[in-house]
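Using UniProt numbering, you'd call the opening residue of the sequence shown number 1 and step up by one each time. Cβ atoms here follow ideal geometry from the backbone N, Cα and C, with glycine treated the same way. Structure first, commentary second.
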Amino acid sequence: MKAVVITTPGGPQVLQLQDVEDPHLGDGEVLIRVHATALNRADTLQRKGAYPPPKGASSYPGLECSGTVESIGKHVSRWKIGDQVCALLAGGGYAEKVAVPQEQILPVPPGVSLTDAASFPEVACTVWSTIFMMSRLTQGETLLIHGGSSGIGTFAIQIAKYRGARVFVTAGSEEKLAFCKGIGADVGINYKTEDFVARVKEETGGQGVDVILDCMGASYYKRNLDSLNFDGRLFIIGFQGGTSTEVDLRPLVAKRLTVQGAGLRNRSIENKAVIVTEVEKNVWPAIAEGKVKPVIYKSFPLSEAAEAHQLMESSHHIGKILLLT
């Protein structure tokens, strides 16, 4: 098969499409002929040598895909050859074939094309596990999403609105904020021209939001705590603003705050299985109803993975970027 290989840690140019061996199919695994995969920020970190794949995972980038079941290993019960599916991966999506534990596979959502289905597994599992399973966002609460126009952000806006939350977003342009509002965001804040803490306080009568989904890390940490209501929950999923900061513990105690962080890639198969099951139960119906839609900015052939990475790192896109095999 062909796969995108990271020839050496570095810029987008180190991504090369090469002939490689087919993946080994283990017991309890399904071999998917990949139709499409989607980019994630983690892929760019892996390319730079800063986010190696977990032990035993494919060395090729790609944390989600859609495609057709080509063969099945022993003890696989639900899936059969020819099924159209999408999957959460620990790696290997930038390839023509990938072997996946059966527990990390989902049916293509009703009403969604096989191509567009590649945009859902990583964002759906990330958002559902962080905002709902761990931060317990409930109907009537308020959610602040940093990077509202990202793949994570555009998905989180839609599912949070579907579940009855009031949604705030930050983004870096009026065009991105307008898009976010168009898919359901209630309040848009331009982080380049506005103080998001002041705007949050203004919009909530001085109280603050209940949950924050944060991709920035250190640079936003203090301001995030200042933006939370009593019993507020901050969930950190990225470090675009750095990893180290001084912490004043007093707001945590005074406002009974919870700070959490997690990634998906290094979780056990059993842990991912719980999340995938919850996503199919709670998110797939919203997609079937048309309340949560794929947001695709641009698609590239697999051979142009370097160009796709350049686009992602420019941050000019809104939603997901796909690679098609």
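Residue environment, residue i, which counts as buried when at least 16 other CB atoms sit within 10 Å
i	result
Thr142	buried
Gly188	buried
Arg163	buried
Ser119	buried
Ser227	buried
Asp195	exposed
His35	buried
Asn224	buried
Ser149	buried
Gly182	exposed
Glu103	buried
Ser314	exposed
His317	buried
Ala254	exposed
Boundaries (first-last residue) of the alpha helix (DSSP H) holding residue i
i	result
His309	Ala305 to Ser314
Cys180	Glu174 to Gly182
Asn282	Ile269 to Asn282
Gln158	Gly151 to Tyr162
Arg223	Tyr221 to Ser227
Residue-chain proximity (residue i, chain B), Cβ-Cβ < 9 Å
i	result
Arg163	Going by chain labels, chain B is absent from the structure shown, which holds only one protein chain.
Residue i - DSSP class collapsed to helix/strand/coil
i	result
Phe120	coil
Val34	strand
Cys215	coil
Asn40	coil
Gln260	strand
Pro101	strand
Arg250	helix
Ala87	strand
Pro12	helix
Gln18	strand
Ala288	helix
Residue i and residue j closer than 9 Å at C-beta
i	j	result
Arg41	Gly10	no
Gly91	Leu137	no
Ala3	Leu17	yes
Lys291	Lys161	yes
Glu289	Phe300	no
Residue interval of the beta strand (DSSP E) (run including residue i)
i	result
Glu203	Note, Glu203: premise wrong, no beta strand (DSSP E); alpha helix (DSSP H) at Phe196 to Glu203.
Ala171	Arg166 to Ala171
Phe300	Ile296 to Pro301
Check whether the region 263-273 and the region 124-131 are in contact - that is, three or more C-beta pairs closer than 8 Å.
yes
Tell me whether the region 147-166 and the region 219-234 touch, counting them as touching only if at least three CB pairs, one residue from each stretch, are closer than 8 Å.
no
Under 8 Å: do the region 249-260 and the region 180-199 share three or more Cβ pairs, one atom per stretch?
With a cut-off of 8 Å, the region 180-199 and the region 249-260 do not count as touching, because too few Cβ pairs lie within range.
Inspect the CB distances between the region 25-43 and the region 96-112 and report whether three or more fall short of 8 Å.
The answer is yes - the region 96-112 touches the region 25-43, with three or more Cβ pairs under 8 Å.
Check whether the region 256-263 touches the region 77-89, counting contact only when three or more Cβ pairs, one atom from each stretch, lie closer than 8 Å.
no
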